[in-house]
Structures are given as C-alpha cells and as structure tokens.
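K.L.:
Numbering (this note's numbering), first residue to last: -9 to 169.
Built from N, CA and C at the ideal position, the CB exists for glycine as well.
Before I ask anything, let me first share the structure, which is written out below as structure tokens.
Below, the structure is given as structure tokens:
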C-alpha cells in the first residue's frame, strides 16, 4: 500500500493495526516525514516513511497494489483559478501526478478528480460516490484494466466504500489484499 501525502495523519498506523503491514507512507515535507518516522518507530511498526514528490516518485513500475490519496492533490489546485476550469499549468501538474500513480500502481489496485481520471491514455475504470451532510466529500475508486489478449480485459477490485457499522480501515478493503 502506498499512501501519498501522509502528513501527520494516523491512517497508515490504523491500517497497520488492522493487519496491513506492507505500507509505504510518503510526503513532500521532511518535517512531516521525520515526525511520522519517530511515531512509527515508537509504536514498533514497520511502516516505510519517506520524502517523495507525487510528480516524480522513486518507485519501480507496478510497485503497489493500492495507492491512497486523501487530499494531497488539493495542493495542486491552490491558486489554480476555478477548480472546475483550472489553469493549464495546474492541469499539467495533475496529469503528471496521475501518470506517476498509474505507473506505480499494479494491475490489482484502485486510486483518486473525475475529468482527469477519465482522460485518454489511462487504462482504468473510475467509480465515485459522495458522502457528507453539509459538505460533500468525493470518494474515487480507479481500477487498472489489464489486457491479456487483444479485446480481452480483466478487472479486479481491491476497495469498497466505507459503510455504516464497519470497524477499522481493514473492513473497507477487500480482505484478500494486505500489501
């Protein structure tokens, strides 16, 4: 599992407690990374925490089954004009980021802004849902499609939306994938 823009979030620690132990958490901020490293060390968790730029990730192709982005792309939209019609440089940064996510995501994984996700050149399907009462949050699931033979495809889902009564992060992921 790759967590993009971990900041000071405890999400990866919660996933670790739920049995997902092969986790890499990244952030652009060395301060946030150092703080999280110490926290994971104190808990004796084997979470890999490192400084990484979402537009130039230091990972091999298809390194992760799951890539989680829970708000880091918002940074790309700062000072971009309208979020519904962002400036060309913002569109370029988002495109580079999605290409990097697509590159590091293996054939078995999901991920995160609708018009960009549906752009040509990405071999994935996209689903989304909204939740929240006064402020709507969007939850995107991207599934990479693998072609076996011309015209044949296979899709595999690793993630489902959280529902009422579920406990922990693990209940929101398909239990067959713990890496």
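If I follow the unbroken beta strand (DSSP E) through residue 88, where does it start and stop?
P.N.:
Run containing residue 88: none in the beta strand (DSSP E); it sits in the alpha helix (DSSP H), 78 to 94.
K.L.:
Can you find the residues in the same chain that come closer than 8 Å, C-beta to C-beta, to residue 115, ignoring five residues on each side of it along the sequence?
P.N.:
Only 132, 133, 135, 145 meet the Cβ criterion.
K.L.:
What do you reckon, are the CB atoms on residue 33 and residue 57 nearer than 7 Å?
P.N.:
Contact flag unset, no.
K.L.:
Tell me, to the nearest whole angstrom, how far the beta carbon of residue -9 is from that of residue 8; I am working on the premise that it is less than 8 Å.
P.N.:
With 8 Å as the limit, residue -9 and residue 8 do not qualify as a contact, their Cβ atoms being about 11 Å apart.
K.L.:
Tell me, please, which residues DSSP counts as bridged to residue -8.
P.N.:
Answer by DSSP bridge pairing, in chain order: 14, 57.
K.L.:
Which residues in the same chain have their Cβ closer than 6 Å to the Cβ of residue 41, if we skip the five residues on either side of it in sequence?
P.N.:
The residues are 20, 23.
K.L.:
How long is the line joining the alpha carbons of residue 29 and residue 112, rounded to whole angstroms?
P.N.:
The straight-line gap from Cα to Cα measures roughly 36 Å.
K.L.:
Short check: CB of residue 47 to CB of residue 90, under 7 Å?
P.N.:
Result yes, Cβ atoms of residue 47 and residue 90 sit closer than 7 Å.
K.L.:
Keeping to the same chain, check which residues put their C-beta closer than 8 Å to that of residue 43; ignore five residues upstream and five downstream.
P.N.:
Around residue 43: 18.
K.L.:
Could you give the C-beta distance for residue 67 and residue 76, rounded to a whole number, given that I count them as a contact under 8 Å?
P.N.:
At roughly 6 Å, the Cβ-Cβ gap stays under 8 Å, so residue 67 and residue 76 are in contact.
K.L.:
Please report the straight-line C-alpha distance between residue 45 and residue 6, rounded to a whole angstrom.
P.N.:
Each residue's alpha carbon lies about 26 Å from the other.
K.L.:
Quick check: what's the CA-CA separation for residue 62 versus residue 15?
P.N.:
Spanning the two alpha carbons is a distance of roughly 12 Å.
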